[in-house]
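Taking it in order: structure first as structure tokens, then the write-up.
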Amino acid sequence: MAAEMIIDIRRSFPSGFVMEIKLGLTLEASTVLVLFGPSGSGKTTLLRCLAGLDWPDAGHIKFVSRTWVDTAAQLRVPPQDREVGYMAQDYALFPHYSVKGNIGFGLGGLPMDQRERRIAEVVRLLQLQGLEQRKPRELSGGQQQRVALARAIARRPLMLLLDEPLSALDAPTRLRLRGELRSLLKELSLPSIIVTHDWEDALALGDRMAVIAGGRVLQTGTPQEVFSRPIDAEVAKIVGVDTVVQGHVLDRSNGLATIAVAQHGIKAVDVESVGRDVFVCIRAEDVVLERVGTGTTSARNHLNGTVEEICFSGPFACVVVDCGFRLAAMVTNAALEDLRLQVGTPVVAAIKAGAVHLVRRDAAS
Amino acid sequence: MNWTAIWVTVKLAGLTAAALLVIGMPIAYWLAFSNRRWKFLIESVVALPLVLPPTVLGFYILVAIGPHSPLGRWYAELVGHPLPFTFEGLLIASILYSLPFAVQPFASAFDQVDRRLLEASWTLGVSKFGTFFKLVVPLSAAGVITGVVLSFAHTLGEFGVVLMVGGNIEGVTRTVSIDIYDEVQALNYAAAGRTSLFLLVTSYLILLLVYAVNRKAWAAWPQK
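Order-wise, the sequence lines are chains A and B. Using the numbering used here, read the first sequence as starting at 1 and increasing by one per residue. Using the numbering used here, read the second sequence as starting at 1 and increasing by one per residue.
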């Protein structure tokens, strides 16, 4: 089922901040849309408007055949009637209810036996067996997240809204749960919208992404598109990673992984939790350019290519090298002159294996 | 000891506390969750009995429920006798007089309930009313108990309002504090002392309960 979603809202805050979001989307059954942006960009407010917990001053939100908000028609559908699953940043589990009580909280309308059956189903799906009688404070961060997700999906919502689902977790748990969350979202086959300020979350979880800053949508596209081809300097600065390419792991030994990207085998420091399919992410500052034919260095990766594009920003220049994929490199203007780099110049891009960052990406999508 | 006076007092305090549980909760809910700019007006009205001399409050209540006011006339026609100097009149006065002692603990407890929990409940399809009983009340149980107990205790010791509105009718409106006053007037110090000690001990036990409940509640539901 493809779900049409049209958002055109305006909301101003006492601080003077104005949010103006226009976004039209088609969300396929299991599409994950990531709302990405720095804190204070308005992405959480947008999510809350979708959940019915915040209200725009003007505009409308339509989801499939329903209108959720239309200020012109004085229409405001309350959160109770939207049939969305919403998960707040800190999970907002009810402290005086058990895990089972939390999951069954919204199932009051069902007869007892159906309710019990649905709770058992969701408990199994999120692997919460054995924890049913625990209170939220007796759970680990990862378990709390799973309970919150279970509660959100128990009512079979039409869409899932997750606000920073991974930010309350410590780093190792976060890495592990990121993969779990993606497989779960795919398994549920219902569209979801995730708010995050973490580019790794965005890459690992998103099928589509919208970059939001200053209360506006700056760019939409697949995460890889947005990361590799930001439409302007502002988006580039917000996403913070300059090169993102898809690859798959060829070999792993001695703590190094070799990833096939275009015709190259790029070496990266291996991360255990990373599967076979990965995104290779490289910051432009970490790429060293050499003229062809100069000596070897300690860098593990030497990629041959030609300069495709040069753009200047202050004392630095961003050089995009075509080496089978677009690789961005940040060099000083002085270095640019020393190397006499121009569009078309053949170069070797050197990257230390430690500067190549891998983000797990299951090929399920 | 005047057991009739004690019974009248306990009955009055019990009914006042029960009525305030019912009346105070919606007022407190509105005070805790409303974003209206003029909320402070209502807050001030609720707090008035804290600072007003009981005689002043009693005077206005007496006028308001007396046979010369529309309210008083309506009641007299309905029931057959006027409100002042009856137990019902005294009950109305006590409810107004103890209103802040119930509403303020209720409202401050409601106010401390994490809004995000309520929002989570709404997105789970639970109405505001249902959310109130499933989340707000249990999570502010200590505040609710405190409000009920304090309004009970406060009514036990009221004097000025009783005198103004209820008078001093044995078995109907003669409460413990009036009884003590009468005994002292009659230079009957021993009887006054006994009843005073009874009131002192009762009030102390009630306050013990309030503080114990609050400690226990905080230990049971820590803020994470």
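The beta carbon of each residue, even a glycine, is placed where N, CA and C say it ideally should be.
Check	Outcome
Kindly say whether Phe-105 of chain A, judged by its beta-carbon, lies nearer than 8 Å to any beta-carbon of chain B.	yes
Roughly how many whole angstroms lie between the Cα atoms of Pro-231 of chain B and Lys-134 of chain B?	There is no way to answer for residue 231 of chain B, as the model of chain B reaches only from 1 to 224.
When DSSP labels each residue in this structure, what does Ala-262 of chain A get in the three-state scheme?	coil
Is there a C-beta anywhere in chain B that falls below 8 Å from the one on Gly-344 of chain A?	no
Counting only Cβ pairs nearer than 7 Å, list the residues of chain B close to Phe-94 of chain A.	Leu-117 and Leu-135
Name, please, each residue of chain A whose Cβ falls closer than 9 Å to the Cβ of Trp-30 of chain B.	In chain order: nothing, as chain A lies at least about 18 Å away.
If you draw a straight line from the C-alpha of Ala-76 of chain B to the C-alpha of Phe-59 of chain B, how long is it?	19 Å
Looking at the structure shown, is Tyr-91 of chain A part of a helix, part of a strand, or coil, going by DSSP?	coil
Using only CA atoms, which one of A:Gln-143, A:Arg-155, A:Val-195 and A:Gln-89 lies nearest to Arg-176 of chain A?	A:Gln-143
Check whether chain A comes within 8 Å of Ala-120 of chain B, counting only Cβ atoms and requiring the distance to be less than that.	yes
Taking the CB atoms as reference points, tell me whether Val-176 of chain B and Thr-146 of chain B lie closer together than 8 Å.	no
Check for me: the beta strand (DSSP E) holding Gly-247 of chain A runs from which residue to which?	243-253
Quick one: what's Ala-102 of chain B bridged to in DSSP?	DSSP output for Ala-102 of chain B lists no bridge partner at all.
Are the beta-carbon atoms belonging to Ser-98 of chain B and Leu-20 of chain B less than 8 Å from one another?	yes
What span of residues does the alpha helix (DSSP H) with Asn-301 of chain A cover, start to end?	Element bounds for Asn-301 of chain A: not the alpha helix (DSSP H) but the beta strand (DSSP E), 301-313.
Quick check on this structure: which residue in B:Leu-96, B:Trp-3, B:Leu-15 and B:Lys-39 has the alpha carbon closest to the alpha carbon of Leu-50 of chain B?	B:Leu-96
If Glu-200 of chain A and Gln-89 of chain A are in contact, beta carbons under 8 Å, what's the gap, nearest whole angstrom?	Going by Cβ atoms, the distance from Glu-200 of chain A to Gln-89 of chain A rounds to 17 Å, so no, they are not a contact pair.
Where does His-357 of chain A fall in DSSP's three states?	strand
Please classify Lys-22 of chain A as buried or exposed, where buried requires at least 16 neighbouring CB atoms within 10 angstroms.	exposed
What is the DSSP secondary structure of Gln-223 of chain B, counted as helix, strand or coil?	Low confidence applies here, because Gln-223 of chain B scores a pLDDT of 43, under 50, leaving its location unreliable; read the following figure in that light. Of the three classes helix, strand and coil, the one that applies to Gln-223 of chain B here is coil, per DSSP.
Going by beta-carbon coordinates alone, are Val-84 of chain A and Ala-120 of chain A separated by less than 8 Å?	no
Would you tell me roughly how many angstroms separate the C-alpha atoms of Leu-90 of chain B and Val-165 of chain B, rounded to the nearest one?	6 Å
Spatial neighbours of Ser-30 of chain A within its chain, please: CB distance less than 6 Å, with the 5 preceding and 5 following residues excluded, ordered by chain position.	Lys-186 and Ser-189
Reducing DSSP to helix, strand and coil, say where Asp-8 of chain A ends up.	strand
Taking Cβ positions, are Val-280 of chain A and Val-245 of chain A nearer each other than 8 Å?	yes
Indicate whether at least one CB of chain A lies closer than 8 Å to the CB of Gly-125 of chain B.	yes
Just to confirm the assignment, what range does the alpha helix (DSSP H) spanning Arg-117 of chain A have?	112-125
Assuming Gly-275 of chain A is part of the alpha helix (DSSP H), what are its boundary residues?	Gly-275 of chain A -> no alpha helix (DSSP H), and no H or E assigned at all.
Please determine, among B:Leu-207, B:Leu-118, B:Glu-88 and B:Gln-104, the residue with the shortest C-alpha to C-alpha distance to Gly-162 of chain B.	Residue identity check: residue 162 of chain B is Val in the sequence provided, not Gly. Looking at the Cα atoms, B:Glu-88 is the closest of the given residues.
Can a CB atom of chain B be found closer than 8 Å to the CB of Gly-108 of chain A?	yes
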